[in-house]
Amino acid sequence: DKTGTLTKGKPEVTDILPGDSDENTLLQIALSLESRSEHPFAKAILEKGKTISHLPVEDFRVLPGRGVSGLIADETIYGGNAKLMQEMDITVPDYPALESAGKTMLFFASKMRYYGAIAAADVLKEDSLEAVKQLRDLRCKVIMLTGDNQNTANSIANSAGIDCVIADVLPGDKAGAVEQLQKNGSRVLMVGDGINDAPALVTADVGMAIGTGTDIAVEAADVVLMQSSLIGVAQAIEMSKATIRNIKQNLFWAFFYNCVGIPIAAGVLYPAFGIQLSP
37 DKTGTLTKGK PEVTDILPGD SDENTLLQIA LSLESRSEHP FAKAILEKGK
87 TISHLPVEDF RVLPGRGVSG LIADETIYGG NAKLMQEMDI TVPDYPALES
137 AGKTMLFFAS KMRYYGAIAA ADVLKEDSLE AVKQLRDLRC KVIMLTGDNQ
187 NTANSIANSA GIDCVIADVL PGDKAGAVEQ LQKNGSRVLM VGDGINDAPA
237 LVTADVGMAI GTGTDIAVEA ADVVLMQSSL IGVAQAIEMS KATIRNIKQN
287 LFWAFFYNCV GIPIAAGVLY PAFGIQLSP
(Lines of atoms letter the chains of each structure in order from A and count residues from 1; the text may use other names and numbers.)
(Lines give C-alpha, C1' and ligand atoms only; values in the text may rest on other atoms or scores of the structure.)
Protein backbone atom coordinates (compact mmCIF):
# COMPACT_ATOMS: atom_id res chain seq x y z
CA ASP A 1 0.00 0.00 0.00
CA LYS A 2 1.19 3.53 -0.69
CA THR A 3 -0.31 6.09 1.71
CA GLY A 4 0.95 5.69 5.26
CA THR A 5 2.96 2.58 4.38
CA LEU A 6 5.39 3.56 1.64
CA THR A 7 4.82 7.26 2.34
CA LYS A 8 4.55 9.16 5.62
CA GLY A 9 0.77 9.51 5.29
CA LYS A 10 0.99 13.20 6.23
CA PRO A 11 0.51 15.09 2.95
CA GLU A 12 0.81 18.85 2.64
CA VAL A 13 -1.04 21.24 0.34
CA THR A 14 1.32 22.44 -2.38
CA ASP A 15 -0.91 24.26 -4.89
CA ILE A 16 -4.28 26.07 -4.76
CA LEU A 17 -5.81 26.45 -8.22
CA PRO A 18 -9.10 28.46 -8.22
CA GLY A 19 -11.63 27.91 -10.99
CA ASP A 20 -14.85 29.93 -11.01
CA SER A 21 -13.99 31.43 -7.61
CA ASP A 22 -11.20 33.12 -5.76
CA GLU A 23 -8.63 31.33 -3.58
CA ASN A 24 -10.39 32.09 -0.28
CA THR A 25 -13.75 30.83 -1.52
CA LEU A 26 -12.18 27.62 -2.81
CA LEU A 27 -10.39 27.04 0.49
CA GLN A 28 -13.54 27.75 2.52
CA ILE A 29 -15.59 25.28 0.45
CA ALA A 30 -12.82 22.68 0.69
CA LEU A 31 -12.39 23.17 4.45
CA SER A 32 -16.11 22.93 5.10
CA LEU A 33 -16.44 19.66 3.18
CA GLU A 34 -13.24 18.03 4.40
CA SER A 35 -13.78 18.95 8.07
CA ARG A 36 -15.95 15.83 8.39
CA SER A 37 -13.50 13.50 6.60
CA GLU A 38 -10.78 11.34 8.17
CA HIS A 39 -8.66 11.06 5.02
CA PRO A 40 -5.01 12.23 5.29
CA PHE A 41 -5.52 14.69 2.42
CA ALA A 42 -8.49 16.20 4.25
CA LYS A 43 -6.25 16.84 7.24
CA ALA A 44 -3.74 18.55 4.96
CA ILE A 45 -6.43 20.92 3.69
CA LEU A 46 -7.61 21.65 7.24
CA GLU A 47 -4.04 22.47 8.24
CA LYS A 48 -3.63 24.80 5.27
CA GLY A 49 -6.78 26.80 6.00
CA LYS A 50 -6.93 26.62 9.80
CA THR A 51 -7.54 30.38 10.06
CA ILE A 52 -10.60 30.29 7.74
CA SER A 53 -14.10 29.81 9.13
CA HIS A 54 -16.17 26.77 8.11
CA LEU A 55 -19.56 26.88 6.42
CA PRO A 56 -22.41 24.64 7.69
CA VAL A 57 -22.56 21.32 5.81
CA GLU A 58 -25.68 19.17 5.59
CA ASP A 59 -26.22 15.69 4.13
CA PHE A 60 -22.48 14.97 4.31
CA ARG A 61 -21.43 11.74 2.59
CA VAL A 62 -18.16 9.86 2.21
CA LEU A 63 -17.73 8.37 -1.26
CA PRO A 64 -15.06 5.66 -0.74
CA GLY A 65 -12.08 5.93 -3.05
CA ARG A 66 -13.46 9.04 -4.72
CA GLY A 67 -14.11 11.82 -2.22
CA VAL A 68 -16.95 13.44 -0.27
CA SER A 69 -20.12 15.42 -0.92
CA GLY A 70 -22.31 17.75 1.09
CA LEU A 71 -24.96 20.43 0.95
CA ILE A 72 -23.60 23.95 1.45
CA ALA A 73 -26.03 26.88 1.16
CA ASP A 74 -28.55 24.66 -0.66
CA GLU A 75 -25.93 23.61 -3.21
CA THR A 76 -24.62 20.02 -3.41
CA ILE A 77 -20.86 20.24 -3.70
CA TYR A 78 -18.49 17.39 -4.47
CA GLY A 79 -14.87 17.21 -3.41
CA GLY A 80 -12.58 14.48 -4.61
CA ASN A 81 -10.59 12.99 -7.44
CA ALA A 82 -11.12 13.16 -11.20
CA LYS A 83 -12.99 9.85 -11.12
CA LEU A 84 -15.67 11.41 -8.90
CA MET A 85 -15.96 14.43 -11.18
CA GLN A 86 -16.36 12.13 -14.17
CA GLU A 87 -19.12 10.19 -12.40
CA MET A 88 -20.95 13.45 -11.70
CA ASP A 89 -20.53 14.65 -15.30
CA ILE A 90 -18.48 17.61 -14.12
CA THR A 91 -15.75 18.79 -16.49
CA VAL A 92 -12.47 19.65 -14.77
CA PRO A 93 -9.09 20.65 -16.22
CA ASP A 94 -6.10 18.30 -16.43
CA TYR A 95 -2.90 18.98 -14.50
CA PRO A 96 -0.42 16.47 -15.96
CA ALA A 97 2.65 18.41 -14.81
CA LEU A 98 1.52 18.40 -11.18
CA GLU A 99 0.49 14.74 -11.31
CA SER A 100 3.82 13.79 -12.87
CA ALA A 101 5.49 15.51 -9.91
CA GLY A 102 3.73 13.05 -7.58
CA LYS A 103 1.00 15.42 -6.46
CA THR A 104 -2.60 14.34 -5.90
CA MET A 105 -5.32 16.58 -7.31
CA LEU A 106 -8.54 17.17 -5.36
CA PHE A 107 -11.33 18.94 -7.24
CA PHE A 108 -14.25 20.89 -5.75
CA ALA A 109 -17.36 21.56 -7.80
CA SER A 110 -21.14 21.42 -8.01
CA LYS A 111 -23.19 20.59 -11.08
CA MET A 112 -23.39 24.34 -11.77
CA ARG A 113 -19.99 25.67 -10.72
CA TYR A 114 -16.36 24.56 -10.73
CA TYR A 115 -14.68 26.04 -7.65
CA GLY A 116 -11.18 24.81 -8.37
CA ALA A 117 -8.55 22.26 -7.41
CA ILE A 118 -6.12 21.74 -4.57
CA ALA A 119 -2.91 19.75 -5.01
CA ALA A 120 -1.36 17.87 -2.11
CA ALA A 121 1.81 15.81 -1.92
CA ASP A 122 2.75 12.97 0.38
CA VAL A 123 6.46 12.25 0.74
CA LEU A 124 8.21 8.90 0.95
CA LYS A 125 9.45 7.66 4.30
CA GLU A 126 13.19 8.16 4.61
CA ASP A 127 13.96 4.44 4.42
CA SER A 128 11.40 3.35 1.81
CA LEU A 129 13.92 3.37 -1.04
CA GLU A 130 16.35 1.20 0.96
CA ALA A 131 13.51 -1.11 2.05
CA VAL A 132 12.44 -1.67 -1.56
CA LYS A 133 16.06 -2.38 -2.54
CA GLN A 134 16.37 -4.97 0.22
CA LEU A 135 13.15 -6.67 -0.90
CA ARG A 136 14.37 -6.81 -4.49
CA ASP A 137 17.69 -8.26 -3.27
CA LEU A 138 15.59 -11.01 -1.66
CA ARG A 139 14.14 -11.69 -5.15
CA CYS A 140 10.73 -10.30 -4.22
CA LYS A 141 8.70 -8.55 -6.89
CA VAL A 142 7.58 -5.25 -5.35
CA ILE A 143 4.21 -3.83 -6.44
CA MET A 144 2.74 -0.52 -5.25
CA LEU A 145 -1.03 -0.54 -4.74
CA THR A 146 -2.78 2.85 -4.64
CA GLY A 147 -5.96 4.72 -5.38
CA ASP A 148 -3.99 7.54 -7.03
CA ASN A 149 -4.22 8.01 -10.78
CA GLN A 150 -1.55 6.44 -12.95
CA ASN A 151 0.59 9.58 -13.46
CA THR A 152 0.84 10.39 -9.76
CA ALA A 153 1.39 6.73 -8.85
CA ASN A 154 4.17 6.31 -11.41
CA SER A 155 6.01 9.36 -10.08
CA ILE A 156 5.97 8.10 -6.49
CA ALA A 157 6.85 4.55 -7.54
CA ASN A 158 9.86 5.80 -9.53
CA SER A 159 11.08 7.69 -6.46
CA ALA A 160 10.84 4.48 -4.43
CA GLY A 161 12.54 2.30 -7.04
CA ILE A 162 9.34 0.38 -7.84
CA ASP A 163 8.65 -0.50 -11.47
CA CYS A 164 5.26 -2.18 -11.07
CA VAL A 165 2.19 -0.15 -10.08
CA ILE A 166 -1.49 -0.95 -9.69
CA ALA A 167 -3.23 2.46 -9.65
CA ASP A 168 -6.79 3.80 -9.56
CA VAL A 169 -7.78 1.09 -7.08
CA LEU A 170 -10.89 1.74 -5.00
CA PRO A 171 -10.58 0.79 -1.30
CA GLY A 172 -12.95 -2.14 -1.73
CA ASP A 173 -10.97 -3.46 -4.70
CA LYS A 174 -7.62 -3.91 -2.97
CA ALA A 175 -8.47 -7.46 -1.94
CA GLY A 176 -9.50 -8.15 -5.55
CA ALA A 177 -6.10 -6.96 -6.77
CA VAL A 178 -4.42 -9.38 -4.36
CA GLU A 179 -6.67 -12.22 -5.53
CA GLN A 180 -5.77 -11.52 -9.15
CA LEU A 181 -2.07 -11.77 -8.36
CA GLN A 182 -2.72 -15.08 -6.59
CA LYS A 183 -4.67 -16.40 -9.58
CA ASN A 184 -1.64 -15.58 -11.72
CA GLY A 185 0.41 -17.93 -9.56
CA SER A 186 2.02 -15.49 -7.14
CA ARG A 187 2.37 -15.88 -3.41
CA VAL A 188 1.44 -12.48 -2.03
CA LEU A 189 2.66 -10.64 1.05
CA MET A 190 0.51 -7.53 1.54
CA VAL A 191 1.78 -4.64 3.67
CA GLY A 192 -0.69 -1.96 4.81
CA ASP A 193 -1.69 0.30 7.65
CA GLY A 194 -5.26 1.53 7.14
CA ILE A 195 -8.85 0.38 7.55
CA ASN A 196 -9.12 0.02 3.78
CA ASP A 197 -6.19 -2.40 3.76
CA ALA A 198 -7.76 -4.93 6.15
CA PRO A 199 -9.59 -7.07 3.52
CA ALA A 200 -6.42 -7.24 1.39
CA LEU A 201 -4.34 -8.19 4.44
CA VAL A 202 -6.72 -11.08 5.14
CA THR A 203 -6.83 -12.18 1.48
CA ALA A 204 -3.04 -12.24 1.01
CA ASP A 205 -0.99 -15.35 1.77
CA VAL A 206 0.68 -13.24 4.45
CA GLY A 207 -0.75 -9.97 5.74
CA MET A 208 1.72 -7.59 7.39
CA ALA A 209 0.57 -4.44 9.21
CA ILE A 210 2.55 -1.38 10.18
CA GLY A 211 2.46 -1.19 13.97
CA THR A 212 1.58 2.51 13.90
CA GLY A 213 -1.45 1.83 11.69
CA THR A 214 -5.12 1.40 12.57
CA ASP A 215 -6.31 -1.23 15.05
CA ILE A 216 -8.37 -2.94 12.35
CA ALA A 217 -5.32 -3.41 10.10
CA VAL A 218 -3.30 -4.74 13.03
CA GLU A 219 -6.06 -7.23 13.94
CA ALA A 220 -6.38 -8.42 10.33
CA ALA A 221 -2.66 -9.03 9.81
CA ASP A 222 -0.64 -12.20 10.35
CA VAL A 223 2.49 -10.20 11.19
CA VAL A 224 2.71 -6.79 12.88
CA LEU A 225 5.80 -4.61 12.55
CA MET A 226 6.45 -2.79 15.80
CA GLN A 227 7.60 0.36 14.01
CA SER A 228 6.61 2.29 10.90
CA SER A 229 9.79 1.46 8.99
CA LEU A 230 9.45 -0.79 5.94
CA ILE A 231 12.95 -2.15 6.62
CA GLY A 232 11.15 -4.51 9.00
CA VAL A 233 9.45 -6.24 6.04
CA ALA A 234 12.76 -7.49 4.63
CA GLN A 235 13.97 -8.38 8.13
CA ALA A 236 10.82 -10.42 8.76
CA ILE A 237 11.27 -12.32 5.48
CA GLU A 238 14.93 -13.04 6.28
CA MET A 239 13.97 -14.20 9.78
CA SER A 240 11.28 -16.51 8.42
CA LYS A 241 13.72 -18.02 5.91
CA ALA A 242 16.27 -18.60 8.68
CA THR A 243 13.57 -20.23 10.81
CA ILE A 244 12.51 -22.61 8.03
CA ARG A 245 16.16 -23.42 7.29
CA ASN A 246 16.71 -24.24 10.97
CA ILE A 247 13.62 -26.47 11.05
CA LYS A 248 14.80 -28.37 7.96
CA GLN A 249 18.26 -28.89 9.46
CA ASN A 250 16.73 -30.19 12.69
CA LEU A 251 14.49 -32.58 10.78
CA PHE A 252 17.42 -33.82 8.69
CA TRP A 253 19.63 -34.57 11.70
CA ALA A 254 16.75 -36.14 13.64
CA PHE A 255 15.97 -38.37 10.63
CA PHE A 256 19.67 -39.24 10.15
CA TYR A 257 20.17 -40.05 13.85
CA ASN A 258 17.10 -42.30 13.93
CA CYS A 259 18.07 -44.07 10.70
CA VAL A 260 21.41 -44.96 12.28
CA GLY A 261 20.39 -45.33 15.91
CA ILE A 262 17.25 -47.49 15.62
CA PRO A 263 18.94 -50.39 13.71
CA ILE A 264 21.85 -50.35 16.17
CA ALA A 265 19.39 -50.37 19.09
CA ALA A 266 17.65 -53.29 17.36
CA GLY A 267 20.96 -55.21 17.48
CA VAL A 268 22.11 -55.34 13.85
CA LEU A 269 25.75 -54.75 14.87
CA TYR A 270 25.74 -56.97 17.95
CA PRO A 271 26.41 -60.37 16.27
CA ALA A 272 29.42 -59.10 14.32
CA PHE A 273 30.89 -56.41 16.55
CA GLY A 274 29.15 -56.70 19.89
CA ILE A 275 27.93 -53.11 19.61
CA GLN A 276 24.50 -52.27 20.94
CA LEU A 277 22.43 -49.32 22.15
CA SER A 278 19.70 -49.30 24.72
CA PRO A 279 16.30 -48.99 22.98
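Take 37 as the starting number for the sequence shown in my numbering and just add one per residue.
Every residue gets a Cβ at the ideal spot worked out from N, C-alpha and C, and that includes glycine.
Note that the structure is a prediction, hence the values are computed from the model and not measured.
Output needed for S265: all residues of its chain with C-beta closer than 8 Å, excluding positions within five of it in sequence on either side, in chain order.
Here residue 265 corresponds to residue number 229 of the sequence shown, with the count starting at 1. Excluding residues within five positions, the ones whose Cβ falls inside 8 Å are K161, D163 and A167.
M224 by DSSP, collapsed to three states: which one?
In the sequence shown, the residue the question calls residue 224 occupies position 188. The amino acid occupying residue 224 in the given sequence is Val; Met does not appear at that position. Here V224 sits in coil by DSSP.
Can you check DSSP and say which residues form a bridge with K139?
By 1-based counting over the sequence shown, the position of residue 139 is 103. Bridge partners of K139: A157.
Tell me which residues share the same chain as P76 and place their Cβ nearer than 8 Å to its Cβ, disregarding the 5 neighbours each side in the sequence.
Position 40 of the sequence shown, counting from 1, holds the residue named residue 76. Result list for P76: T39, G40, G45, K46, P47 and D158, in chain order.
What do you reckon, are the CB atoms on A153 and F143 nearer than 8 Å?
By one-based count along the sequence shown, residue 153 stands at place 117. By one-based count along the sequence shown, residue 143 stands at place 107. Their beta carbons are under 8 Å apart, which means A153 touches F143 by this criterion.
Give me the Cα-Cα distance between M124 and L206, rounded to the nearest whole angstrom.
Here residue 124 refers to the residue found at position 88 of the sequence shown. Here residue 206 refers to the residue found at position 170 of the sequence shown. For M124 and L206, the distance between alpha carbons rounds to 17 Å.
S57 (DSSP reduced to helix, strand or coil)
The residue labelled residue 57 in the question sits at position 21 within the sequence shown. Reduced to three states, the DSSP call for S57 is coil.
So, for A193: in the same chain, excluding its five sequence neighbours on each side, which residues have a beta-carbon less than 6 Å away from its beta-carbon?
For the purposes of this step, residue 193 is taken as the residue at position 157 of the sequence shown. The residues are M180 and V201.
Sort out for me which residues DSSP pairs E111 with in a bridge.
The residue given as residue 111 occupies position 75 in the sequence shown. Note: E111 sits in a beta bridge opposite I108.
Tell me, to the nearest whole angstrom, how far the beta carbon of D51 is from that of Y150; I am working on the premise that it is less than 8 Å.
Reading the sequence shown from its first residue, position 15 is the one you call residue 51. Reading the sequence shown from its first residue, position 114 is the one you call residue 150. Actually they do not touch by this definition, with Cβ atoms about 16 Å apart.
Measure the Cβ-Cβ separation of A245 and G228 and say whether it is below 8 Å.
Counting from 1 along the sequence shown, the entry for residue 245 is found at position 209. Counting from 1 along the sequence shown, the entry for residue 228 is found at position 192. Yes; because the gap between Cβ atoms is below 8 Å, this pair is in contact.
Whether or not the region 100–108 and the region 59–72 are in contact is what I'm after, with contact meaning three or more pairs of Cβ atoms, one per stretch, closer than 8 Å; do they touch?
yes
Could you pull the start and end residues of the alpha helix (DSSP H) that E83 belongs to?
Walking along the sequence shown from the start, residue 83 turns up at place 47. Unbroken alpha helix (DSSP H) run through E83: P76 to K84.
Buried or exposed: Q64, going by 16 or more other Cβ atoms within 10 Å of its Cβ?
Against the sequence shown, residue 64 aligns to sequence position 28. Burial call: buried.
So what does Y306 bridge to, in DSSP terms?
As a first step, residue 306 must be located in the sequence shown, where it is residue number 270. According to DSSP, which records beta bridges pairwise, Y306 is partnered with nothing at all.
Do E135 and N220 have their CB atoms nearer than 8 Å?
As a position in the sequence shown, residue 135 is number 99, starting the count at 1. As a position in the sequence shown, residue 220 is number 184, starting the count at 1. Cβ atoms of E135 and N220: not closer than 8 Å.
Under 8 Å between C-beta atoms of S146 and T112:
Within the sequence shown, residue 146 is the residue found at index 110, counting from 1. Within the sequence shown, residue 112 is the residue found at index 76, counting from 1. Contact flag set, yes.
Could you work out which residue in S314, I280 and L171 is closest to A196 when comparing CA atoms only?
Taking the sequence shown and counting its residues from 1, the one referred to as residue 196 is at position 160. Closest option to A196, Cα to Cα, is L171.
Along the chain, which unbroken stretches of the alpha helix (DSSP H) at least 4 residues long are found entirely within the region 227–308?
234–239, 251–256 and 267–302
Rounded to whole angstroms, what's the CA-CA distance from T140 to D184? Just pull it up for me.
Against the sequence shown, residue 140 aligns to sequence position 104. Against the sequence shown, residue 184 aligns to sequence position 148. For T140 and D184, the distance between alpha carbons rounds to 7 Å.
Drop a sphere of 10 angstroms on the beta-carbon of Y131, count the other beta-carbons inside from all chains shown, and report buried for 16 or more, exposed for fewer.
The residue given as residue 131 occupies position 95 in the sequence shown. Y131 should be labelled buried.
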